[in-house]
Every structure is written in structure tokens, then in C-alpha cells.
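Numbering (the working numbering), first residue to last: 6 to 251.
For glycine and all other residues, C-beta sits at the position ideal for the given N, C-alpha and C.
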Amino acid sequence: MPEPVVVNGTGTSSGAQPPSGGDGASLTLLERLRDLILGGDFQPGTALSEFRLAEHFEVSRTPVREALKQLQVEGLVDIRPKVGTFVRRMTRREIVEMFEVKEILEGMAARLMARRGALPEWDLLDANLVRSEAAARREDTTAYAPLVHEFHELLVTGSDNQKLAEHYRTLMNQLAYHRLVVSSVAHPGRLAESVAEHRRVFELITEKDGVGAELAMRDHVSRSAREVLTELPPLPSAGPNGSTRP
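Below you can see the structure in the form of C-alpha cells.
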């Protein structure tokens, strides 16, 4: 992953050289920018200069502008006319609501996968859990974070529901989940708990207990959400005509 093109208040950049060769060269500009945001290279609030990005990736400003427009549609950047483009900073309320949707989608994925019976994804999930348990024993949060993403992706793939998968991946992009996982599993004891919860979901899937798998998955997502939200500022107090979520 290339060093980010950080743009500060004076409009200067990090001066990093554009990547060349390897797998990264085969990615589109949109994919490369998305990866930089989702991977945390571009932190929330970072200003993104069309000129500096075009210079960095050795392209004209037009494809950069089009890529940033698409990232705005995906909820990853804010384009403010006459001000600039910034990596979007999600509010606590948005994160709460996204986790609520994530809980429903992943619970449904676990239930559908359990109904399908033995699948190639079973072996992949088992291998994922072996690596995850090894990472937990080492307390290696850096190694575990991508394994979390892989586990959840395998569930969605194994559900064999294209519409579910489309909505799920859009949601995960907006949530920038990798950054949240790294912070949440760093809490004492959470890494081992997370792996155990994954193992339980997998056991219920292999037992073809769709209802149990769904409930276990929803409980896992809910627990993960609580860990993430402990580091975020609280929602404002409710007004006289409504209420806020905890």
C-alpha cells in the first residue's frame, strides 16, 4: 500500500511516489482510492486534493474527479463546493444505525448458509478459525483484523443471496469496518471472545441450526458494536419529541 497523499491546511502533500508494478497496478484508480480510505491510510477528515492525487497517481484530474464523485455516492468522502473534498467522518448515530443493519444482514447470512448444508465455504471457515485462534493466542490484533473480514465475507458468500451480498458490501464500505475492528479487538479480552463467538456461529451452521446460527451471529455483531461505541462520543440528549439510541 503506498504512503498516503496527505493534504494539510496549506495544500501540500506527503510527496510519496505513486505505486508501480505488482497487484496494485492492476487496480482502477477508484479501487485504489477506496482501499486507501478503508485501510485507514486516509483518516476521517483528511483533505483530498484533486491536483495532488492526479500528480501522485500520474493521471489527469478528470479521472480523479470522477472517482471522488463515486466515493461520495458510496458515502466515503464529502465534496464541499468551493471548500474541498474530505474523507467522511461518520457520526455516532450513523455507526449505530449501520451496525443495526449489519446485525440483520449477517444474521440472515448465517441462517441461509446453515440451510444449504455442506459447502466449500465450510472448509474455508474452518481454516479461517484455525488462523484466528492462533492470532488470539498471540494476542495479534493486526493479524486478526483481516481474518474477521474474511470470516464475515465467507458467511455472506455462503448465503448464496446476491441482493444480500450487494447491500452488505455497500454497508461495509461506508462503515470502514477494518479501522473499527482494529480498535475494538484491542480491548482487553475482546480478541479471544470474538474468536469464540465466530467458532460458535460456525458450529451451529455445520449442525444446520439456522435459527441458532442467526441468533449467535446477531449477538456477535451486537457485542462488537458495543465495543466500537465505547470509543465514540455519546449521542446528544433526546429532544422533547423523540429519543436517541444508547
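Three-state class that DSSP yields for residue i in the structure shown
i           : result
residue 93  : coil
residue 83  : strand
residue 148 : helix
residue 52  : strand
residue 139 : helix
residue 26  : The pLDDT assigned to residue 26 is 33, lower than 50, so where the model puts this residue is not dependable; a value taken from the coordinates is nonetheless given after this. Reduced to three states, the DSSP call for residue 26 is coil.
residue 60  : helix
residue 44  : coil
Where residue i falls, given that 16 or more other Cβ within 10 Å makes a residue buried
i           : result
residue 163 : buried
residue 219 : buried
residue 57  : buried
residue 135 : exposed
residue 230 : buried
residue 115 : buried
residue 5   : Residue 5 lies beyond the residue range present for the chain, which begins at 6 and ends at 251; the question has no answer from this structure.
residue 36  : exposed
residue 199 : buried
residue 137 : buried
residue 189 : buried
residue 69  : buried
Cβ of residue i within 9 Å of any chain C Cβ
i           : result
residue 179 : Although the question refers to chain C, the structure presented lacks it and comprises just one protein chain.
*Would you check if there are 3 or more beta carbon pairs closer than 8 Å linking the stretch 95-112 to the stretch 144-155?*
Taking a contact to require three or more Cβ pairs closer than 8 Å, the stretch 95-112 and the stretch 144-155 do not qualify as touching.
*Runs of alpha helix (DSSP H) lying entirely within the stretch 159-240, each at least 4 residues, in chain order*: If one requires a minimum length of 4 residues, the alpha helix (DSSP H) runs lying completely within the stretch 159-240 are 167-180, 182-189, 195-211, 215-234, in chain order.
_So, does the stretch 50-63 touch the stretch 81-95, judging by three or more C-beta pairs under 8 Å?_
Yes, they touch.
*Pairing CB atoms from the stretch 135-143 with CB atoms from the stretch 71-83, are three or more of them under 8 Å?*
As far as the Cβ criterion goes, the stretch 135-143 does not touch the stretch 71-83, which means the pair count is below three.
*Spell out a yes or no on whether the stretch 202-216 and the stretch 119-133 are touching, meaning 3 or more CB-CB pairs, one atom from each, closer than 8 Å.*
With contact defined as three or more Cβ pairs closer than 8 Å, the stretch 202-216 and the stretch 119-133 are in contact.
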